[in-house]
Structures are given as C-alpha cells and as structure tokens.
Amino acid sequence: MRPDFLPYNLPDLGIEEEDAVIRALRSHWISRGPETALFEQDLSSYLGGARVLALSSCTAGMHLALLALGIGPGDEVITTPYTFAASVNVIIHAGATPVLVDVEEDTGNIDMARVEQAVTGRTRAVLPVHYAGHPADIAALNRLRDRYHLQVVEDAAHAMASTYQGQKVGTSGNIASFSFYATKNLTTGEGGALVVPDAELAEKIRVLSLHGMSHNAWNRYGEHGSWAYTVEAAGFKYNMTDLQAALGRVQLAKLSRMQARRRAIAERFHEAFRDLPVTLPAERKEVGHAWHLYPLRLSLPSLTITRDDFIEALKARNIGASVHFIPIHLHPYYQERYHWQRGQFPRAEQYFEQEVSLPLYPSMSEQDVEDVITAVRQVLLAHVK
Ligand SMILES: *Cc1c(COP(=O)(O)O)cnc(C)c1O
C-alpha cells in the first residue's frame, strides 16, 4: 500500500504560477486591471476569437447571463438533475423556475429528446451541463433552441478544452460559462469566464458584473481614468482580480500539456479496468472529452460491496475518491420547494448510486496512477459475486 494519502484532486501549480502572481502583486494592480484584460484576450484567442468576460466564478457568469437575457419570474429554465447546486441556484436567483429533465444513460448529460417534451409556453432557456468534460448533445440542443426560440446558457464548468464535432465547447454560438475553481482543469483558485456571442449583451453583463457602473469604471484610478462614474443598474460584485488572471494566464499557456496528461491517465484507466464489473466512462465519437472527472460506475448487481463501502475501502488504501453528483432532486431544500421526489429522475439516480470519481489530474505521477489502479482492482476483485 502507498505510504501517503493520494487526494482525489490537486491543482497543477508550479514556479511559473508563483512568479506570475508575485509579478501581479508587485505591479500594485491587484484587483481587476491589465492582467484581467490580457487573460480575456488569451481566452478569446484560445476560443477562436470568442467574446470572453473574466468573472469571479462560473456561477456568477450563469447568474448574470440569465439576468441580462431578461429571464425572471414566470419563466421556466430547463436543466439537469445531475449537476452541482450552482446550476439550479442561478435559475432560482434570477427569479425563474427550474425544470429538471433526466439524463442520458451513457454520458450522464441532459437528454435532449426529453428536453423537447418538457418545453412549455413558459420555457425561456435551457441550461445544459457538460458532465465530467463530455459535451452534451450540442447539435440537438441548437436544433431545439432554433425551433422553440430558446436561449441557451451552457454550464461549461467541466468543459474547458472539451470539443464537439471538432469545435471547442464555448464556440457553438451560445453563452457558455467556464469555472476556474480550485478543482477544475484550469484554475485561478476562484474564478470563471463567460463567453457571450452578442456584443450588446456582453456590454450589459460587463456593467452588471461591477456594481452596475459604466464600463470604464474599473480603470478610474489609473492615469487615464476619471473619478467620475455612472451607475446604470443595481449590479453585482462579480469581477475577476489581476492576481487570479495572472495565475490563469500561466494555466492557459500550459493547458494543452495538462490535457494530454489527463487523457493519458484516462486511457490507462480504461485499459486497466476493462475486465472489471464496471461501466467505463463514455466518450462518443463526435466529442473530445476534457477528462475533468473519471466517473467509473460500479456494476452493483455483480458485486457484494456498496459504492460507499468501495470509497471507504479505497480510502483505507490511501486513495481519495469522490462522487459527482448527488442529484438535485434528492436535496431536501429543492424537494420542499419544487415537490421533486426520489424516483422522478431514475437515470440520474442510478448514475449517482453507481458513480465514483477517481483521482485524475496532471500532477499525478505514474506511480500514483498505478496505485489507483491497484487499489480499484484489489477492492473490486475481492467483492465479485
Ligand atoms: C464547479 C461547478 C460549478 C461552479 O463553478 P464556480 O466557478 O465555483 O462557480 C457549476 N457547475 C458545475 C457543474 C460545477 O462542477
């Protein structure tokens, strides 16, 4: 057994990130400033010229997107039960009603065929999640969008570097919100980026992201700034800082190397687990998976161990693991508020009951990868019926 605990996730941070943050600190621009503008440009280049706003989080981006689209009370927004709370909370914060649609069996992504059945006269938007880094069915999504005149806000928290039909997620013509939270493929500690194809909408979101002040306000203490500002809306405090942006620029520069390592680990896992009573994560032919997560699913009927006990057994072997996600409709708050019940979204529930997210991140050594494999194989093979 390995001597030390292998955490389920660690950021890949080195001397370059340290240097960049120190440089930003010493520049005295520590809130939103020139580094943030450069990070937006870098992200834009990476996303083929897309219009990008760097913000405080993915959640902030989705919230502002819904508000700027005018989505509010009386409106319905369709999303997935198989996601993090943020995807649903932003709909609630906008004043709209979340409508859940069950997921696909193989990918865990929202099932577009069922989305169509859930569209009503009140439906204004769809908020899909690219679960684990496997893009949702964007072609079907865009067909629905056009047929029913819906807005789309993609929760792309897992999908930095994902591709769909050869195009990067975030370039499909929809609004997309990326997360740079500590555990994500590209991190700034906390942070996010919102892709907004429409220029006018982007300007509105920019204003809303910084107290509702007219758009040059962040530079008002600079040489060419002015002390004067105009408040145009009751905005929010959702801006990124230059310390985060400096970190993000280094992370973006090394993203392709980090992604190659993620893919290599995922492929090693596929090979090592192929003969076990498990379902390997799907990667459909039209997508490039970002491998944010490695969601292994246990074939519970063939095993004498539960998912929870499996995770405990890994822990006893010094291997961390996690579960993504506890479906939205199983949380008491949402159950009380929306009368959702267990059994209502059976595919999401089944995925959840079987799912284990194994450690998968670029800073894992070959030995770390082999240690995960050994632990998974030992525990499962000791519990085959
Ligand atoms: C991490 C995550 C978010 C939230 O991202 P923040 O940047 O922390 O706001 C939203 N949706 C999903 C699916 C996530 O995993």
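Numbering (our numbering), first residue to last: 1 to 385. Note that CB positions come from ideal geometry on N, CA and C, so glycine has one too. For clarity, every value in this text was computed on a predicted model and none was experimentally measured.
CB of Ala24 within 8 Å of CB of Ile15, strictly:
With a cutoff of 8 Å on beta-carbon distance, Ala24 and Ile15 are scored as not near each other.
For the alpha helix (DSSP H) that Gly192 lies in, which residues bound it at each end?
From DSSP, Gly192 is part of no alpha helix (DSSP H) but of the beta strand (DSSP E) over Gly192 to Val195.
Any heavy atom of ligand 1 inside 7 Å of the beta-carbon of Ser44?
Ser44 Cβ: outside cutoff for every heavy atom of ligand 1.
So, for Tyr179: in the same chain, excluding its five sequence neighbours on each side, which residues have a beta-carbon less than 7 Å away from its beta-carbon?
Note that residue 179 is Ser in the sequence shown here, rather than Tyr. Here the set comprises Ser57, Cys58, Ala157 and Gly192.
Could you tell me which residues DSSP pairs with Thr97 in its beta bridges?
BP columns for Thr97 point to Glu76.
Pairs of beta-carbons, one from the stretch 353–363 and one from the stretch 294–310, closer than 8 Å: are there three or more?
Judged by Cβ distances under 8 Å, the stretch 353–363 makes contact with the stretch 294–310, as three or more pairs qualify.
Provide the residue span of the alpha helix (DSSP H) that contains Thr59, from first to last.
That run of the alpha helix (DSSP H) goes Cys58 to Ala68.
DSSP has Glu355 in a bridge; who is on the other side?
Bridge partners of Glu355: Arg297.
In the DSSP assignment, what residue or residues form a beta bridge with Glu386?
Given a span of 1 to 385 for the chain in the structure shown, any question on residue 386 remains unanswerable.
Any heavy atom of ligand 1 nearer than 6 Å to the CB - residues listed
For ligand 1, the selected residues are Ser57, Cys58, Thr59, Thr83, Phe84, Ala86, Ser87, Val129, Asp155, Ala157, His158, Ser179, Tyr181 and Gly192.
Distance CB(Arg249)-CB(Leu53) smaller than 8 Å:
For the pair Arg249 and Leu53, the CB atoms are not nearer than the 8 Å cut-off.
Return the chain-ordered list of same chain residues with a C-beta closer than 7 Å to the C-beta of Met112, the five sequence neighbours on each side being excluded.
Same-chain partners within the cutoff: Asp137, Ala140, Leu141 and Leu144.
Here's a check: name, in chain order, each residue in its chain whose Cβ is nearer than 6 Å to the Cβ of Glu35, leaving out the five neighbours to either side.
Residues Ala24, Asp242, Ala245 and Ala246 of the same chain have their beta carbon placed closer than 6 Å to that of Glu35, with the five preceding and five following residues left out of the count.
Helix, strand or coil for Val126, going by three-state DSSP, please let me know.
Strand.
Following the continuous alpha helix (DSSP H) through Val384, name the residue where it begins and the one where it ends.
Val384: not part of any alpha helix (DSSP H); DSSP gives it neither H nor E.
According to DSSP, simplified to helix, strand and coil, what is Ser322?
It is a strand residue.
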